[in-house]
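Just add 10 to the spot in the sequence shown (first one is 1) and you have the numbering used here.
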Amino acid sequence: MRRSSRWSSRRAGRVGVDYTDPMVDSEAGPGAFWRGVASVFVVCTALGVLMGLHFAFDATAHGRPAPVARRLIEETTGFWAAGLLFFPLRWVALRWRLDRPGWARSLPAHLLALPAIASTHTLLMWGSRSLAYPALGLGRYDYGSVPWRFLMELPTQALGYAVTTGGVYLFARAREARERELRAAQLAAGLKQARLENLELRLRPHFLFNALNTIAATMYDDPHAADEQIGRLSELLRASLRPGGEHEVPLGDELEILEHYLALVRARFSDDLAITVDASTEARGVKVPQLLLQPLVENAVRHGRASRDGRGAISIRARLDDGILELVVADDGPGLGEELAPGLGLSLTAERLELLYGARAELRAGRRDGGFEVVIRLPARRESELAEE
């Protein structure tokens, strides 16, 4: 029976990837929602009062004075109705984006939403004014022929729909830009920490002692092999300290770095430890986080049969499946126990995957029949796709 552990966004540290609006995202909390409602109400009230005074003074200037109260009621109810409909309009705008590639597929939704929102706006104005006029002693409200009012208000409402939708997109893009900057800073910090952690793993005394002892044991019997092992150790340490800002490298490059480590492991255990690497040609071109595999393989060596009785088997597999890259590191040891300690390389790997891919990546680790297995699934992205982001 297989037991497994899985890191979710809540355990690995949640980082938002997609834009969310606090006024349409319930997870943002009721406080953010009601602050948004209050802001819209204040803005609409201010605009209604200003426009009401404008039309009242304009009528007076033309010798047709009208009660200021009538103008204030008409304009404030109009803007309040617009403010109420702002929220469904915002939801439509963010649900069917017109500012992204493929906008034509979203256009029918807006063509349906516009007359629905415009008609509702006209009805809200007519209904609210019909109630407010008698309540304030201003008599019956005369809106004229309501069917014609729908046609009369539509051009102005269409313009308001377009302006509001554009404003929603400007605000969304500004917020998305800020989130991308934050995400880039987190990725840079995560990569730096990952390099330091991976370097620490490689520089732990047991690893250096084992590598140096293996080299010393072959120095006199096989100087050529010892020299090759020194070169492998040097390349592995150089890769750990390599400068650069790239977060991802092709899997083929990652496997080349891993081969330096595997050569030292093979030299230590000789033929008693069978290590296999099976990666398809297509998978080797997919981008993966730098220094992703070596800590996982080192865990397999440390906790597998090899460190217990000197023999065992470790397999590394990489396959593409419908746009998903699946990486598997498996050994024939007893595993890490029921619960995985958060300080291990597995926890660090999960956090890096969360920063790079969010909910699109998955890491599972647990016992399988005859050993322990780590499975990573992440979106298959190549160089051209990363350049477009």
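Cβ atoms here follow ideal geometry from the backbone N, Cα and C, with glycine treated the same way. Bear in mind that the values here come from a model prediction, so they are computed numbers and not experimental data.
Query: Of the choices 114, 127, 82, whose alpha-carbon is the least far from that of residue 93?; Result: 127
Query: Taking the straight line between their C-alpha atoms, what separation do you get for residue 231 and residue 286?; Result: 27 Å
Query: Apart from the five residues on each side of it in sequence, which residues of its chain come closer than 6 Å, Cβ to Cβ, to residue 384?; Result: 306, 339, 375
Query: Grab the span of the beta strand (DSSP E) containing residue 375 for me, first residue to last.; Result: 372 to 378
Query: Could you give the distance in angstroms between the alpha-carbon of residue 228 and the alpha-carbon of residue 236?; Result: 6 Å
Query: I'd like to know if the segment 293 to 307 and the segment 261 to 269 are in contact, where contact means that at least 3 CB-CB pairs between them fall below 8 Å.; Result: yes
Query: Quick test of the definition: if touching needs 3 or more C-beta pairs under 8 Å, does the segment 140 to 151 touch the segment 71 to 88?; Result: yes
Query: Cutting at 6 Å between CB atoms, please list the residues of its own chain near residue 36, excluding the five before and the five after it.; Result: Per-residue confidence for residue 36 stands at a pLDDT of 42, beneath the threshold of 50, marking its modelled position as unreliable; the derived number appears in the next sentence. Answer for residue 36: no residue qualifies.
Query: Tell me which same chain residues have a C-beta within less than 8 Å of the C-beta of residue 298, skipping the five on either side of it?; Result: 258, 259, 260, 261, 264, 335, 337, 388
Query: To the nearest angstrom, report how far apart residue 163 and residue 52 are at their CA atoms.; Result: 23 Å
Query: Considering only residues of the same chain and omitting the five flanking positions on each side of residue 380, which have a CB-CB separation below 7 Å?; Result: 342
Query: If you pair each beta-carbon of the segment 101 to 118 with each one of the segment 170 to 183, do three or more pairs fall below 8 Å?; Result: yes
Query: Assuming residue 284 contacts residue 323 (C-beta within less than 8 Å), just tell me the rounded distance between them.; Result: 4 Å
Query: Can residue 290 and residue 329 be called in contact, C-beta distance under 8 Å?; Result: yes
Query: Grab the span of the alpha helix (DSSP H) containing residue 307 for me, first residue to last.; Result: 303 to 313
Query: Between the Cα of residue 170 and those of 245, 233, 267, 131, spot the shortest distance and give me the residue it belongs to.; Result: 131
Query: Which value, in whole angstroms, describes the spacing of the CA atoms of residue 382 and residue 310?; Result: 8 Å
Query: Tell me which residue opens and which closes the alpha helix (DSSP H) that residue 296 is part of.; Result: Segment: none, residue 296 is in no alpha helix (DSSP H) and carries neither H nor E.
Query: Is it buried or exposed, residue 113, if we count other Cβ atoms within 10 angstroms and call 16 or more buried?; Result: exposed
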